[in-house]
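To keep things clear, I will list the structure first and then write my remarks on it.
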Amino acid sequence: DAGVTQSPTHLIKTRGQQVTLRCSPKSGHDTVSWYQQALGQGPQFIFQYYEEEERQRGNFPDRFSGHQFPNYSSELNVNALLLGDSALYLCASSIRNGQGLFGPGTRLTVT
Amino acid sequence: GENVEQHPSTLSVQEGDSAVIKCTYSDSASNYFPWYKQELGKRPQLIIDIRSNVGEKKDQRIAVTLNKTAKHFSLHITETQPEDSAVYFCAASLEDTGFQKLVFGTGTRLLVSP
Numbered sequence: 001d002a003g004v005t006q007s008p009t010h011l012i013k014t015r016g017q018q019v020t021l022r023c024s025p026k027s028g029h030d031t032v033s034w035y036q037q038a039l040g041q042g043p044q045f046i047f048q049y050y051e052e053e054e055r056q057r058g059n060f061p062d063r064f065s066g067h068q069f070p071n072y073s074s075e076l077n078v079n080a081l082l083l084g085d086s087a088l089y090l091c092a093s094s095i096r097n098g099q100g101l102f103g104p105g106t107r108l109t110v111t
Numbered sequence: 112g113e114n115v116e117q118h119p120s121t122l123s124v125q126e127g128d129s130a131v132i133k134c135t136y137s138d139s140a141s142n143y144f145p146w147y148k149q150e151l152g153k154r155p156q157l158i159i160d161i162r163s164n165v166g167e168k169k170d171q172r173i174a175v176t177l178n179k180t181a182k183h184f185s186l187h188i189t190e191t192q193p194e195d196s197a198v199y200f201c202a203a204s205l206e207d208t209g210f211q212k213l214v215f216g217t218g219t220r221l222l223v224s225p
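Chain order of the listed sequences is A and B. When we follow the numbering used here, the leftmost residue of the first sequence carries the number 1, and every step to the right adds one. When we follow the numbering used here, the leftmost residue of the second sequence carries the number 112, and every step to the right adds one.
The following block contains the structure:
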């Protein structure tokens with residue numbers, strides 16, 4: 001079992017562009033949460049998906065959207081990228097209300 | 112919403128000493144408090160957690176204490192080793208909704224010198 005996987009590992013985008021990040025949960029997990037971790041900060045909750053629906057959302061603008069597929073994998077989309085969106089994006093998978101297991105993250109740099 | 116404060120931001124100790132990291136939370140409804148260790152360039156890894164019906168939990172060299180009245184919890188590492196050097200994050204969550212949303216502290220950089 002590969003655990004939680006994320007792709008790509010690193011990504012460089014230009015301001016105003018759009019980006020899609022992907023997450024495959026650990027086998028047996030059905031819930032996916034996304035976090036943004038800016039340099040030197042703790043992770044901040046973006047949103048959580050269960051049964052292909054967004055169940056909880058943190059204080060992030062509508063530019064951040066997501067999707068969960070029937071196989072429980074998930075995507076995070078960010079539109080109209082800003083310099084401040086540069087961060088490590090972490091995906092965590094779990095069973096419902098279970099302890100999350102973090103993936104390795106995607107490092108996004110916006111120039 | 113929940114807010115978690117963490118102190119100190121950096122902590123330097125000698126190998127073999129103890130290290131203590133403290134966190135406070137604002138939402139008295141929070142009932143789950145995990146601690147994560149994050150090494151440079153790696154993912155956060157859960158090292159210990161505690162629920163609000165327990166005051167203390169221990170796992171070998173690490174322990175966590177919770178004071179619900181004061182709304183603070185602490186991580187204790189005894190007999191520190193150089194490999195304990197990392198950034199440690201506390202977090203708080205309300206589990207009753209069925210979905211776990213973690214609110215993290217700002218992190219403590221622990222440096223253990225040989």
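Every residue gets a Cβ at the ideal spot worked out from N, C-alpha and C, and that includes glycine. Please read all numbers here as calculations on a predicted model, not as lab measurements.
- A Cβ-Cβ separation of about 13 angstroms leaves residue 132 (chain B) out of contact with residue 177 (chain B) under the 8 angstroms criterion.
- With a cut-off of 8 angstroms on Cβ pairs, the stretch 71 to 85 of chain A is not in contact with the stretch 128 to 142 of chain B, counting fewer than three such pairs.
- By the Cβ criterion, the stretch 42 to 51 of chain A is in contact with the stretch 63 to 70 of chain A, since at least three pairs of Cβ atoms, one from each stretch, lie closer than 8 angstroms.
- 8 angstroms or more divides the Cβ of residue 162 (chain B) from the Cβ of residue 103 (chain A).
- Residue 196 (chain B) and residue 7 (chain A) have their C-alpha atoms spaced approximately 28 angstroms apart.
- A residue is called buried once 16 or more other Cβ atoms fall within 10 Å of its Cβ, and residue 69 (chain A), having fewer, is exposed.
- Nearest Cα to residue 4 (chain A) within the set A:51, A:33 and A:57: A:33.
- Here residue 66 (chain A) carries a strand assignment [DSSP, helix/strand/coil].
- Taking 7 angstroms as the upper bound on Cβ-Cβ separation, chain B lies near residues 90 of the stretch 78 to 93 of chain A.
- Residue 175 (chain B) counts as buried, since at least 16 other C-beta atoms from the protein chains shown sit within 10 angstroms of its C-beta.
- Annotation for residue 51 (chain A): no residue places its beta carbon closer than 7 angstroms to its own, counting only its chain and skipping 5 residues before and after.
- Contact of residue 102 (chain A) with chain B by beta-carbon distance below 7 angstroms involves 154 and 155.
- Rounded to the nearest angstrom, the gap between the Cα atoms of residue 73 (chain A) and residue 167 (chain B) is 36 angstroms.
- Between the stretch 141 to 148 of chain B and the stretch 116 to 130 of chain B there are fewer than three inter-stretch CB-CB distances shorter than 8 angstroms, so the stretches are not counted as touching.
- Residue environment: residue 87 (chain A) is assigned as buried (16 or more neighbouring CB atoms within 10 Å of its CB, all protein chains considered).
- Listed along chain B is no residue with a C-beta nearer than 8 angstroms to that of residue 71 (chain A); the closest approach is about 20 angstroms.
- Residue 66 (chain A) is outside the set of residues whose beta carbon lies under 8 angstroms from a beta carbon in chain B.
- By the CB criterion at 8 angstroms, residue 214 (chain B) and residue 113 (chain B) fall inside the cutoff.
- Its chain contains 126, 223 and 225 as the residues whose beta carbon lies nearer than 7 angstroms to that of residue 193 (chain B), once the 5 sequence neighbours on both sides are disregarded; these appear in chain order.
- Residues of chain B with a Cβ closer than 7 angstroms to the Cβ of residue 105 (chain A) are, in chain order, 154.
- In this structure residue 76 (chain A) is buried. Its beta-carbon is surrounded by 16 or more other beta-carbon atoms within 10 angstroms.
- Counting the other CB atoms within 10 Å of its CB gives residue 29 (chain A) a total of 16 or more, which places it among the buried residues.
- Among the CB atoms of chain B, one or more fall inside 8 angstroms of the CB of residue 41 (chain A).
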